[in-house]
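Notes follow once the structure below has been shown.
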Amino acid sequence: VFWRVARNLMILSPAFALLGAGVWFIVTQFQQAPTTTEQGGRLVVVVVIDQFRGDYLTKFGPLFAADGFTAMQSQGIWYDHLHHTHASSLTGPGHATIATGVNPNVHGIVGNDWFDRTRNQKIYSASGDRAYERVPLGTPSKVDGGGLAPERLLVPTVGDVLVASKQGRVFSLALKDRTAILLGGKQPSGAYFYDPKTGEFVTTTFYRERLPGWVEQFNRAKHVDKWLGKPWERLSEEFHYKQYAGLDAAPGERLGLSKADHVFPHGLGNSANADYFTALEGTPMANELLWKLGQACIEAENLGQAGGTDLLWLGLSANDIIGHAFGPDSHEVLDATLRTDRLIAEILKTLEQKLGTGRYTLIVTSDHGICPLPETGKHPEAERFDPLEEYCPLNTVLNEKFGTTGVLWVERIEFPWVYFNNRAIDAHKIARPELEEAAAQWAANRPNNAEAAFGRTALAGPPMNTDLGRMVQRSFHPDRSGDVYLVNKPFSLPLGKFSVGTTHGTPHPYDTHITLLVYGHKVPARGLQAKPTSSLIVALVIAHALGLEPVATCAEKLPTEWVE
Ligand SMILES: [Zn+2]
Numbered sequence: 032v033f034w035r036v037a038r039n040l041m042i043l044s045p046a047f048a049l050l051g052a053g054v055w056f057i058v059t060q061f062q063q064a065p066t067t068t069e070q071g072g073r074l075v076v077v078v079v080i081d082q083f084r085g086d087y088l089t090k091f092g093p094l095f096a097a098d099g100f101t102a103m104q105s106q107g108i109w110y111d112h113l114h115h116t117h118a119s120s121l122t123g124p125g126h127a128t129i130a131t132g133v134n135p136n137v138h139g140i141v142g143n144d145w146f147d148r149t150r151n152q153k154i155y156s157a158s159g160d161r162a163y164e165r166v167p168l169g170t171p172s173k174v175d176g177g178g179l180a181p182e183r184l185l186v187p188t189v190g191d192v193l194v195a196s197k198q199g200r201v202f203s204l205a206l207k208d209r210t211a212i213l214l215g216g217k218q219p220s221g222a223y224f225y226d227p228k229t230g231e232f233v234t235t236t237f238y239r240e241r242l243p244g245w246v247e248q249f250n251r252a253k254h255v256d257k258w259l260g261k262p263w264e265r266l267s268e269e270f271h272y273k274q275y276a277g278l279d280a281a282p283g284e285r286l287g288l289s290k291a292d293h294v295f296p297h298g299l300g301n302s303a304n305a306d307y308f309t310a311l312e313g314t315p316m317a318n319e320l321l322w323k324l325g326q327a328c329i330e331a332e333n334l335g336q337a338g339g340t341d342l343l344w345l346g347l348s349a350n351d352i353i354g355h356a357f358g359p360d361s362h363e364v365l366d367a368t369l370r371t372d373r374l375i376a377e378i379l380k381t382l383e384q385k386l387g388t389g390r391y392t393l394i395v396t397s398d399h400g401i402c403p404l405p406e407t408g409k410h411p412e413a414e415r416f417d418p419l420e421e422y423c424p425l426n427t428v429l430n431e432k433f434g435t436t437g438v439l440w441v442e443r444i445e446f447p448w449v450y451f452n453n454r455a456i457d458a459h460k461i462a463r464p465e466l467e468e469a470a471a472q473w474a475a476n477r478p479n480n481a482e483a484a485f486g487r488t489a490l491a492g493p494p495m496n497t498d499l500g501r502m503v504q505r506s507f508h509p510d511r512s513g514d515v516y517l518v519n520k521p522f523s524l525p526l527g528k529f530s531v532g533t534t535h536g537t538p539h540p541y542d543t544h545i546t547l548l549v550y551g552h553k554v555p556a557r558g559l560q561a562k563p564t565s566s567l568i569v570a571l572v573i574a575h576a577l578g579l580e581p582v583a584t585c586a587e588k589l590p591t592e593w594v595e
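Heads up: the sequence shown begins at 32 in the working numbering, then just goes up one per residue.
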């Protein structure tokens, strides 16, 4: 079912490919349901935990308290086997998929950034064509491809549809800029994100020229200074960190943003400067700071009190920064997960107090998983490798194959994409598909490649006959992708031979496995759903909570446990 459902969307893909550059796709995934004005209004809060792999809730489950994740798991719906069906399991694509209910080949966010051949420059996923400035004005704001804005999204988000229906408002708050921007869509009433240079929450002139009073006041109150001189310690020494997460100083870890040490406690410094603000973002305290801002938003904007149904996005980005440094099996990720459980309990308590049962829905999800550190030894074939070195012989191989000498066939490698030199292709009159095929075949046999690589002609064609091929097709956009997509071997890390830390971004299950918990108004208490499910349902579940109805153009349907 998982693959069949996802394939439906692919039927549309060649049509999108044919339409070519510059065409703005308006896909109406959701439409407004006929609603009656609710007494007092409602609020839907969606917490997106960055790099919260789908197995954490099971793995660390015995250590959770009763009133956080556990309450949602038992009294709501919990999807334990939820995966992205696209290959590029990165922050930008993950958040855009959650917000739109379609894959990167349709929403257009194919990476955190991508190389634009027409402009010959990198484009950041959360940028716009105009030089939008950071607000408060004067804050430095260098971004690839314009100022920070949601203009690269090619389809409306579920929040955009809510705003268009005039049934509610959207606010998007996150630590990372791209998270707040991509979740918020094009018409939020506010999108605010953390600036690690100043420790303040900021926005851009895409949204407004001045911060609203409540954000100014929040920044002035210096809540960010709360952890000065207080190191990040374990939540409780009573928990078996070693049993659940092995050694604290595990091989392959790198230093966190505090640069303090591989082991607890992680010092944050004693002065309120950029070093402290940056270090803080790599600790679970930054998530607490974000929730403090969330509470200020609910209060000041009267969320859920204005008659309709409002939507509040909360992007907890600290978990990702911690996971990249220490890996998924670390004491730090375990501790961040336990503290996230405490935070979820806080959020539930606040919603219960402010709105009361029947007037709120809490949804918890995530944007991607993570690869374990190769040094754990659980996957002996796992290696750290340098993609430039791995695929460097490709140019020579192509010269040999096509009987040329010294031709620059490969213009650049931006892993996972290879870009060909278009001038060479024109000059030597080599058919593109032939060149792509030759490169893909050679790349597929490299030691650190996963037995497959895909050329753009094949990617733009009809649905491929392998799961992997179709996942890459769902991450392919003709104007934003390269010529050959490389897939590294499972559990190997393309970070360099002597690298430390870990990453994500592949179509492998450890990267695509995310989570979904839903609790509150309009949520049947169905508990664990163990069947394989596509991440496209996250947006449908949010739409359902908001009283918006999905229409036929969406590839997924709300699973039967919601409608029976
Ligand atoms: Zn992420």
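Just so it is clear, CB atoms sit at the ideal spot from N, CA and C, and this is done for glycine as well. All figures in this text were calculated on a predicted structure; none of them were measured in a lab.
Cβ neighbours of Ala118 within its own chain (closer than 6 Å, five residues either side excluded): Met502, Val503, Ser506 and Pro538. Put simply, of Pro411, Gly260, Leu286 and Ile352 the residue whose alpha carbon is nearest the alpha carbon of Leu299 is Gly260. Separation of the CB atoms of His552 and Arg73 is rounded to 6 Å, and the pair is thereby assigned contact status at 8 Å. Listed in chain order, the non-local C-beta contacts of Val428 below 6 Å within the same chain comprise Trp473, local neighbours out to five positions each way being set aside. Remark: the C-beta of Asp542 is outside contact range of ligand 1, defined as less than 7 Å to any heavy atom.
Residues Pro315, Asn350 and Ile353 of the same chain have their beta carbon placed closer than 6 Å to that of Ala367, with the five preceding and five following residues left out of the count. Taking 3 residues as the shortest admissible run, the region 495–522 contains the following complete beta strand (DSSP E) segments, listed from N- to C-terminal end: 515–519. Beyond the five residues adjoining it in sequence on each side, Leu589 comes within less than 8 Å, by CB distance, of Ile568, Leu571, Val572, His575 and Pro581 in the same chain, given in chain order.
At a cut-off of 7 Å, the beta-carbon of Gly125 counts as near ligand 1: some heavy atom of the ligand is closer than that. Look at Asp144: its beta carbon is at least 7 Å from all of the heavy atoms in ligand 1. Residue environment: Gly107 is assigned as buried (16 or more neighbouring CB atoms within 10 Å of its CB, all protein chains considered). In terms of CA proximity to Ala102, Leu393 leads the group Leu393, Ser120 and Val233. Excluding its 5 nearest sequence neighbours in each direction, Ser158 has C-beta neighbours in its own chain below 8 Å: Val174, Asp175, Gly176, Gly177, Gly178, Leu179, Ala180, Glu182 and Arg183, listed in chain order. Spatial neighbours of Leu382 in its own chain (CB-CB distance under 8 Å, excluding positions within 5 residues in sequence) are listed in chain order as Leu74, Val76, Tyr391, Leu393 and Gly551. For Arg373, the closest of Asp81, Ala97 and Pro93 by C-alpha to C-alpha distance is Ala97. Annotation for Asp208 indicates a beta carbon at 7 Å or more from all heavy atoms of ligand 1.
Residue state for Trp344 is assigned as strand, using DSSP reduced to three classes. Uninterrupted beta strand (DSSP E) stretches at least 3 residues long and entirely within the region 264–328 do not occur.
Each residue's CA atom was taken as its position, placing Ala489 and Ala475 some 15 Å apart.
Within the same chain, Gly486, Thr488 and Ala489 come within 8 Å of Pro464 by CB-CB distance, once the 5 residues on both sides are set aside. Around Leu365, the same chain offers Phe91, Tyr272, Tyr275 and Ala276 as residues with beta carbons nearer than 7 Å, after the five sequence neighbours per side are excluded. Per the C-alpha coordinates, the member of Ala376, Tyr163 and Leu345 positioned closest to Arg239 is Tyr163.
A straight line joining the alpha-carbon of Ile375 with that of Pro493 spans about 43 Å. Inter-residue distance for Leu334 and Gly125 is about 26 Å (C-alpha atoms, whole angstroms). Looking at the DSSP output, Asp147 bridges to Gln152. Scanning Tyr516, Ile154, Asp191 and Gly287 for the CA closest to the CA of Leu342 turns up Asp191. In this structure, Gly400 lies away from Thr236, with their beta-carbon atoms at least 8 Å apart.
The closest heavy atom of ligand 1 lies 7 Å or more from the beta carbon of Gln326. At least one heavy atom of ligand 1 lies closer than 7 Å to the C-beta of His399.
When C-beta atoms of the region 219–231 are compared with those of the region 138–151, fewer than three pairs fall below 8 Å, so the two segments do not count as touching.
Excluding its 5 nearest sequence neighbours in each direction, Trp245 has C-beta neighbours in its own chain below 6 Å: Ala327 and Ala331, listed in chain order.
Within the model, the alpha-carbon separation for Leu419 versus Thr435 is close to 22 Å.
Contact between Ala281 and Glu406 holds: CB atoms are separated by about 7 Å, below the 8 Å threshold. Inclusion of Thr122 in the 7 Å shell around ligand 1 follows from its C-beta lying nearer than that to a non-hydrogen atom of the ligand. By the neighbour-count definition (other C-beta atoms within 10 Å, threshold 16), Asp514 is a buried residue.
By the neighbour-count criterion, in which a residue is buried when 16 or more other Cβ atoms sit within 10 angstroms of its Cβ, Asn301 is exposed.
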